[in-house]
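Protein chains in written order, with numbering that gives the first Met the number 0: chain A, 0 to 367; chain B, 0 to 326.
Ideal Cβ positions, reconstructed from N, Cα and C, are used throughout, including at glycine.
Every value quoted in this text rests on a predicted model; they were computed, and no experiment measured them.
Inspection log for the structure reproduced underneath, given as structure tokens.
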Amino acid sequence: MLRARGVASLLAVGLLLAACGPTTQGTPTPGPSAGDTTPPGATVRLNGAGATFPYPLYSKWFDEYAEVSNTQVNYQSIGSGGGIRQITEGTVDFGASDGIMTAQQQVAAEQRGGPILHIPMTMGSVAVVYNLPGIPSGQLKLTPEALADIYLKRIAKWNDPRIAQLNPGLSLPNQDIAVVHRSDGSGTTFIFTNYLSKVSQEWKEKVGNATAVNWPGDVGGQGNEGVAGQVRQIPGAMGYVEVAYAKQNRIPWVALANASRDFIEPSLESTSAAAQGVDLPDDMKVMVTNSSNPQAYPIAGFTWLLMFVQQTDCNKGRALVDMMWWALHDGQQYGTALDYAPLPPDAVRKAEAQVRSITCGSQPLLER
Amino acid sequence: MARPQTIEDQTHGRAWRSLLRRPASPGDRLFQGTTLLAALSLLGLLLAMAAYLFYVAWPSIARFGVRFLTGSTWDPVKEVFGALPAIYGTLLTSALAMLVAVPVSLGVAIFLAELSPRWLRAPASFLVEMLAAIPSVVLGLWGLFVMAPVLYPLEKWLASSLGFVPLFRGPVFGGVNFLAGGLILSIMALPIITAVVRDAILTVPAAQREAMLALGATRWEAISQAVLPYARSGIVAASILGLGRAVGETMAVTMVVGNGYRLTARLFAPGNTMASKIATQFNEASGLEINALVELALVLFAVALVVNLAGRLLVRWTVARAAGGGQ
Chain A
0 MLRARGVASL
10 LAVGLLLAAC
20 GPTTQGTPTP
30 GPSAGDTTPP
40 GATVRLNGAG
50 ATFPYPLYSK
60 WFDEYAEVSN
70 TQVNYQSIGS
80 GGGIRQITEG
90 TVDFGASDGI
100 MTAQQQVAAE
110 QRGGPILHIP
120 MTMGSVAVVY
130 NLPGIPSGQL
140 KLTPEALADI
150 YLKRIAKWND
160 PRIAQLNPGL
170 SLPNQDIAVV
180 HRSDGSGTTF
190 IFTNYLSKVS
200 QEWKEKVGNA
210 TAVNWPGDVG
220 GQGNEGVAGQ
230 VRQIPGAMGY
240 VEVAYAKQNR
250 IPWVALANAS
260 RDFIEPSLES
270 TSAAAQGVDL
280 PDDMKVMVTN
290 SSNPQAYPIA
300 GFTWLLMFVQ
310 QTDCNKGRAL
320 VDMMWWALHD
330 GQQYGTALDY
340 APLPPDAVRK
350 AEAQVRSITC
360 GSQPLLER
Chain B
0 MARPQTIEDQ
10 THGRAWRSLL
20 RRPASPGDRL
30 FQGTTLLAAL
40 SLLGLLLAMA
50 AYLFYVAWPS
60 IARFGVRFLT
70 GSTWDPVKEV
80 FGALPAIYGT
90 LLTSALAMLV
100 AVPVSLGVAI
110 FLAELSPRWL
120 RAPASFLVEM
130 LAAIPSVVLG
140 LWGLFVMAPV
150 LYPLEKWLAS
160 SLGFVPLFRG
170 PVFGGVNFLA
180 GGLILSIMAL
190 PIITAVVRDA
200 ILTVPAAQRE
210 AMLALGATRW
220 EAISQAVLPY
230 ARSGIVAASI
240 LGLGRAVGET
250 MAVTMVVGNG
260 YRLTARLFAP
270 GNTMASKIAT
280 QFNEASGLEI
290 NALVELALVL
300 FAVALVVNLA
310 GRLLVRWTVA
320 RAAGGGQ
């Protein structure tokens with residue numbers, strides 16, 4: 000008894016010491032600060048944080064870019080929510096997100112550093128995957144209505160007539176559909192529920208669109224790997240994962256009817272097509288799900304870098320816009336090998352205009 | 000019947016007290032002050048944590064009141080948050096874990112302390128302790144990729160043959176559910192309970208056993224009537240330690256509990272726990288959901304406190320009963 004008490008007190012002292020210790024390591028120094036703090040010509044270090052989805056591409060970009068410039072970028076993939084929080088608090092030079100900031104978040108950021116830009120960098124899409132032995136990838140066809148009804152649990156069995164009539168050639172089992180969703184908050188969920196809200200009034204009213212929602216159905220998995228793992232293990236399961244993940248792990252996916260009623264499989268081309276030949280607003284705060292382009296896969300979207308229009312450190316700001324310009328042009332080629340869909344010409348033009356609008360002390364930063 | 004003297008009586012007895020009352024040397028005083036500070040800092044830390052949780056949770060507490068505890072929807076879109084399914088899930092999975100872990104641990108501990116051949120004792124104890132060293136994320140992955148697929152056909156069979164019992168009603172989705180959560184927790188609680196129970200059994204004086212055996216008792220009678228009653232408070236304390244682990248465990252349980260969010264008696268339904276809900280939602284939460292998640296943490300804090308207090312009372316009660324009943 001005595002000994003146990005002694006140990007507890009020792010532990011308490013240890014905790015206190017740990018709490019009082021230096022805490023300066025590891026936290027990035029605040030980015031935006033007044034005036035020119037970095038001498039021109041020296042190595043510029045930029046800090047960014049946010050979305051995990053584009054991380055493989057971003058880290059490739061920043062490696063390549065360090066070779067051709069004197070800019071080194073440190074990017075931490077802490078999730079879109081964290082990226083929005085950090086750019087708002089000014090602890091990073093840029094944030095990254097798979098979703099558009101909410102009105103509330105934008106107000107908070109604008110109070111801190113003025114107008115904030117959403118600059119699209121690359122595109123991704125969400126594959127609807129399934130586990131039905133004997134039905135190869137792309138063979139199962141679904142309409143948006145059927146998909147929404149499955150996720151609303153209105154269609155509970157695979158041999159439901161609403162699925163069967165779309166797939167006359169397939170023999171569908173009399174089996175429960177186990178609906179799998181992401182248990183953690185995620186940009187993938189944001190795109191997926193955004194799509195369902197556009198194609199189903201009932202979904203929009205009952206469930207809605209967010210990084211995490213009140214799911215009517217079944218099982219949750221942690222991360223893409225968690226969802227894919229559940230779908231693999233549960234016969235008759237259906238789930239949604241990033242296309243790159245489904246492709247690399249060879250999980251069969253659904254051919255989904257798009258807005259012009261063509262059945263489209265997810266691919267880099269059909270993903271890029273979602274933002275080509277459609278109306279894009281200048282601020283690019285747009286979800287291109289359910290695109291009107293007849294070649295488009297309907298569950299596709301941008302991922303954005305977030306940065307303030309008014310940069311306070313001109314050297315850093317200049318390095319930042321140069322890096323963005325490079326990523327929007329030379330950088331796009333690295334996407335395909337990593338399964339990211341390049342931005343279509345329409346989107347690049349809009350993004351260029353946004354980068355040109357970035358200023359330091361009311362001077363535009365981009366010198367071209 | 001006179002109450003037998005315990006070690007605690009001796010160390011905290013009159014002799015020791017009078018020694019303490021002696022005029023203390025400056026060194027002693029310093030020592031006493033330091034330890035007092037250490038003890039108080041622990042209390043302070045606990046209070047500061049509770050106060051901070053309360054402060055951050057306040058918008059949610061003010062908005063939902065009791066409905067937070069009785070509501071069963073968690074809807075970040077409409078900003079309606081009710082914690083009941085998560086509270087229920089924590090209690091259910093912990094109870095399942097205890098149901099499995101306590102008897103198994105008792106068996107393992109009795110074997111290790113009383114029945115095991117000498118050469119097996121050390122390696123077997125070592126293996127049990129190794130189980131405690133497995134990181135929970137590894138255990139979770141094992142649960143997801145090994146345990147759940149093994150349970151799945153069993154559960155399907157149970158659901159089809161005993162489906163009329165609400166507990167076993169289908170549909171079954173791939174073996175990730177309340178039951179899997181409970182089983183993973185039982186594996187995590189097992190080494191803790193086993194180690195403490197084994198130590199408790201080892202402190203039972205040999206004379207107890209010898210007396211029983213001399214009276215012609217079998218091994219089983221000696222253990223069940225002389226050894227286990229003597230070790231009772233240790234067994235209860237061990238179970239409480241294990242329960243504490245089960246209530247707060249996050250990672251492993253998240254991976255196998257299925258992450259549904261509803262109130263149901265079905266063991267095969269995908270469920271959730273408080274710790275798991277906090278862990279999965281916090282990173283991407285914003286606005287009121289953050290406050291609600293912190294309130295959930297506060298509730299978890301309270302549940303853990305109640306469980307611990309109840310455990311302490313139970314230990315005291317068993318000790319008192321053992322002493323009063325006379326060995």
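Is the beta carbon of residue j closer than 9 Å to that of residue i?
i                 : j                 : result
LEU369 of chain A : ALA352 of chain A : Since the first residue of chain A shown is 0 and the last is 367, residue 369 of chain A is not available in this structure.
PRO221 of chain A : ALA177 of chain A : Correcting the residue type first, residue 221 of chain A is Gln in the shown sequence and not Pro. No, Cβ-Cβ distance for GLN221 of chain A and ALA177 of chain A is not below 9 Å.
ASN173 of chain A : VAL76 of chain B  : no
MET306 of chain A : ILE86 of chain A  : yes
ALA126 of chain A : ILE298 of chain A : yes
ALA245 of chain A : PRO143 of chain A : no
PRO119 of chain A : MET283 of chain A : yes
VAL206 of chain A : THR187 of chain A : no
PHE262 of chain A : ALA254 of chain A : yes
ALA48 of chain A  : GLY82 of chain A  : yes
GLU78 of chain B  : SER185 of chain A : no
LYS152 of chain A : PRO234 of chain A : no
VAL203 of chain B : THR317 of chain B : no
Can you tell me whether residue i is buried or exposed, with buried defined as 16 or more other CB within 10 angstroms of its CB?
i                 : result
GLY360 of chain A : exposed
THR28 of chain A  : No answer about THR28 of chain A holds up, because its pLDDT of 41 lies below 50 and its placement is not dependable.
ARG315 of chain B : exposed
SER159 of chain B : exposed
GLY64 of chain B  : exposed
GLU241 of chain A : buried
ASN158 of chain A : exposed
SER96 of chain A  : buried
ILE250 of chain A : buried
PRO84 of chain B  : buried
SER32 of chain A  : Any reading at SER32 of chain A must be qualified, since the residue scores a pLDDT of 42, below 50, and its modelled position is unreliable; the value itself is stated next. Counting Cβ neighbours within 10 Å, SER32 of chain A comes out exposed, since fewer than 16 surround it.
ASN73 of chain A  : exposed
ALA112 of chain B : buried
SER71 of chain B  : exposed
TYR51 of chain B  : exposed
LEU139 of chain A : buried
ILE239 of chain B : buried
GLY30 of chain A  : With a pLDDT of only 41 at GLY30 of chain A, under 50, the local geometry of the prediction cannot be trusted, and the value read off the model is given with reservation. Answer is buried; the Cβ neighbour count reaches 16.
GLY334 of chain A : buried
GLY300 of chain A : buried
If the cut is a Cβ gap below 7 Å, which residues of chain A does residue i touch?
i                 : result
PRO170 of chain B : ASP175
GLU154 of chain B : The premise fails here: GLU154 of chain B is roughly 12 Å from chain A at the closest Cβ pair, so nothing lies under 7 Å.
THR279 of chain B : SER182, ASP183, GLN221
Run down chain B in chain order and give the residues with a C-beta less than 8 Å from the C-beta of residue i.
i                 : result
THR187 of chain A : Within chain B, no residue comes near THR187 of chain A; the closest Cβ sits about 11 Å away, beyond 8 Å.
VAL206 of chain A : VAL76
GLN104 of chain A : SER285
Under 7 Å between beta-carbons, which chain B residues line up against residue i? List them in chain order, please.
i                 : result
GLN85 of chain A  : Here the premise fails: no neighbours, minimum Cβ distance about 13 Å.
ILE233 of chain A : PHE172, GLY173
ALA209 of chain A : PRO75, VAL76
GLN229 of chain A : GLY173, VAL175
Could you tell me which chain B residues have their CB closer than 9 Å to the CB of residue i, listed as they occur along the chain?
i                 : result
ASN213 of chain A : THR72, TRP73, ASP74, PRO75, VAL76, LYS77, VAL79, TYR260
VAL218 of chain A : PHE172, GLY173, VAL175, ASN176, GLY257, ASN258, GLY259, PRO269
THR423 of chain A : Nothing about residue 423 of chain A can be reported from this structure: the residues present for chain A run from 0 to 367 only.
SER269 of chain A : Going along chain B, no residue has its Cβ under 9 Å from SER269 of chain A, so there is no contact; the nearest lies around 27 Å.
ALA236 of chain A : PHE172, GLY173
Can you list the residues of chain A that residue i reaches, using a CB-CB cut of under 8 Å?
i                 : result
PHE267 of chain B : Within chain A, no residue comes near PHE267 of chain B; the closest Cβ sits about 11 Å away, beyond 8 Å.
THR253 of chain B : SER182, GLN221
Q) Any contact of the region 322–335 of chain A with the region 62–70 of chain A, i.e. 3+ C-beta pairs under 8 Å? A) yes
Q.
For the structure I just gave you, are there three or more beta carbon pairs, one from the region 281–291 of chain B and one from the region 50–64 of chain B, closer than 8 Å?
A. yes
Q. Between the region 309–317 of chain A and the region 279–297 of chain A, are three or more C-beta pairs nearer than 8 Å?
A. no
Q) Per the contact definition of three or more C-beta pairs closer than 8 Å, is the region 224–232 of chain B in contact with the region 161–174 of chain B? A) no
Q | Contact list for the region 58–88 of chain A against chain B, Cβ threshold 9 Å | A | ILE77, GLY78, SER79, GLY80, GLY81, ILE83, ARG84
**Q.** Proximal residues, the region 139–152 of chain B versus chain A, C-beta separation under 8 Å
**A.** LEU143, PHE144, ALA147, PRO148, TYR151
**Q.** Stretch-stretch touch, CB-based, cutoff 8 Å, three pairs: the region 278–287 of chain B with the region 170–186 of chain B
**A.** no
Q: For the region 302–316 of chain B, enumerate the residues whose C-beta is nearer than 7 Å to any C-beta of chain A, in chain order.
A: none
Q) Between the region 179–197 of chain B and the region 124–135 of chain B, do three or more beta carbon pairs fall short of 8 Å? A) yes
Q.
When you compare the region 242–250 of chain B with the region 90–110 of chain B, are there three or more beta-carbon pairs, one atom per stretch, that lie closer than 8 Å?
A. yes
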